[in-house]
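Engineer: Quick note on numbering: our numbering labels position 32 of the sequence shown as 17, and the sequence is numbered without any gaps.
C-beta atoms are modelled at their ideal positions from N, C-alpha and C, and glycine is treated no differently.
Below you will find the structure I want to go over with you.
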Amino acid sequence: MKRLAGIQLIAKKQAIYRLFNPNARDAGSHHYTASQTEVQALLAAGWSSENIGWYGN
-14 MKRLAGIQLI AKKQAIYRLF NPNARDAGSH HYTASQTEVQ ALLAAGWSSE NIGWYGN
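Right under this line is the structure:
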């Protein structure tokens, strides 16, 4: 991270989205992605958004 005149510049982080498949029979029915396109495709297929799971690099 850089410092500029006493201000710390923080690198922009990538959002990692968490989705849940309510129709899955398994307990492991979560999917994680950084792709907005994939999020939209999964939502159209019946998955539920659980918003942003975390931010990564």
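(1) According to the neighbour-count rule (16 or more other Cβ atoms, all chains shown, within 10 Å of its Cβ), is N32 buried or exposed?
(2) With a threshold of 8 Å on Cβ separation, who are the neighbours of G38 within its own chain once the five nearest residues in sequence on each side are excluded?
(3) Secondary structure at A12, three-state DSSP: helix, strand or coil?
(4) So the alpha helix (DSSP H) A26 belongs to, where does it begin and stop?
Structural biologist: Answer, in terms of the structure:
(1) According to the sequence shown, residue 32 is Trp rather than Asn. It counts as buried.
(2) Residues of the same chain with a CB within less than 8 Å of the CB of G38, apart from the 5 flanking positions on each side, are I1, Y2, R3 and Y17 in chain order.
(3) DSSP places A12 in the coil class of the three-state scheme, outside both helix and strand.
(4) If you look at A26, you'll find it in the alpha helix (DSSP H) that goes Q21 to A29.
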